[in-house]
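Using the numbering used here, the first residue of the sequence shown is number 13, and each one after it goes up by one. Glycine is no exception: its CB is placed at the ideal position from the N, C-alpha and C atoms.
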Amino acid sequence: MASRSGMTPESMSVDTTNLYREEVYSDLRAASIRVLTPVKVDGSPDPERTRQFIGDTQLMTQMGPIPVQFELAAENLEEAFAQFPQGVREAVERLSERAQDMAREEASRIVVPSKMPGGGSGGGLAGIPRLR
């Protein structure tokens with residue numbers, strides 16, 4: 013998928029060489045698959061490029077629903093639905109790993125007195141002389 017970061021209305025343009033028609037197939041319970049079919053600028057199919065299959069669902073957590081999206085390496089819709097359960101498991105595993113990484117990063121930001129600016133040892137405020 014194309015990144016939209018850094019786009020402003022003045023710099024925005026449409027890449028007419030990378031157009032897709034989107035169709036959504038759902039079991040109306042948990043599974044949705046977006047099929048992105050490459051098309052030319054006139055809307056006709058572009059056989060030079062391959063279709064993309066994107067799994068989409070929501071998982072309920074203690075904090076509420078979280079959206080989960082993942083690519084499926086499928087040749088057709090039947091294969092995509094067959095791969096859906098494994099795709100969800102792998103996507104949840106990646107989300108869990110990322111959450112653990114973020115928790116570790118946040119924990120490493122804790123300021124320890126010996127690491128205070130100005131070399132303070134926690135006995136006073138950095139840059140302010142200690143009273144004796």
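Margin query: Which same chain residues end up closer than 8 angstroms to M13 when comparing Cβ atoms and leaving out the 5 residues on each side of it in sequence?
Written below: Confidence at M13 is low in this model, with a pLDDT of 45, below 50, so the placement of that residue should be treated as unreliable; the coordinate-derived value is given next. Taken in chain order, the list of residues that qualify is empty.
Item checked: Status (buried if at least 16 other CB within 10 Å, exposed otherwise) for Q70 -> Per the 10 Å Cβ criterion, exposed.
Notebook entry, point to check: Taking the alpha-carbon positions, what's the A86 to A92 distance?
Noted result: 5 angstroms
Next item on the list: Go ahead and pull the three-state DSSP assignment for M3.
Entry: What the structure shows of the chain is the stretch from 13 to 144, and residue 3 is not part of that stretch, so it cannot be assessed.
Item checked: Spatial neighbours of E90 in its chain, beta-carbon cut-off 8 angstroms, leaving aside the 5 residues before and after -> none
Next item on the list: My understanding is that Q95 touches L84, with C-beta atoms under 8 angstroms, so please give their C-beta distance in whole angstroms.
Entry: 5 angstroms
Checklist line | P175 - containing beta strand (DSSP E), residue span | finding: Nothing about residue 175 can be reported from this structure: the residues present for the chain run from 13 to 144 only.
Next item on the list: Could you give the DSSP three-state label for V26: helix, strand or coil?
Entry: coil
Checklist line | Beta carbon of V47 nearer than 8 angstroms to that of D58 | finding: no
Item checked: Closer than 7 angstroms: G18 CB and nearest the ligand PLP heavy atom -> The model depicted lacks the ligand PLP and carries no ligand whatsoever.
Note to self: Here's the rule: buried if 16 or more other CB atoms are within 10 angstroms of the residue's CB, otherwise exposed. What is I78?
What the structure shows: exposed
Margin query: Taking 8 angstroms as the threshold (beta carbon to beta carbon), is S108 in contact with chain B?
Written below: The question asks about chain B, but that chain is absent: this structure has only one protein chain.
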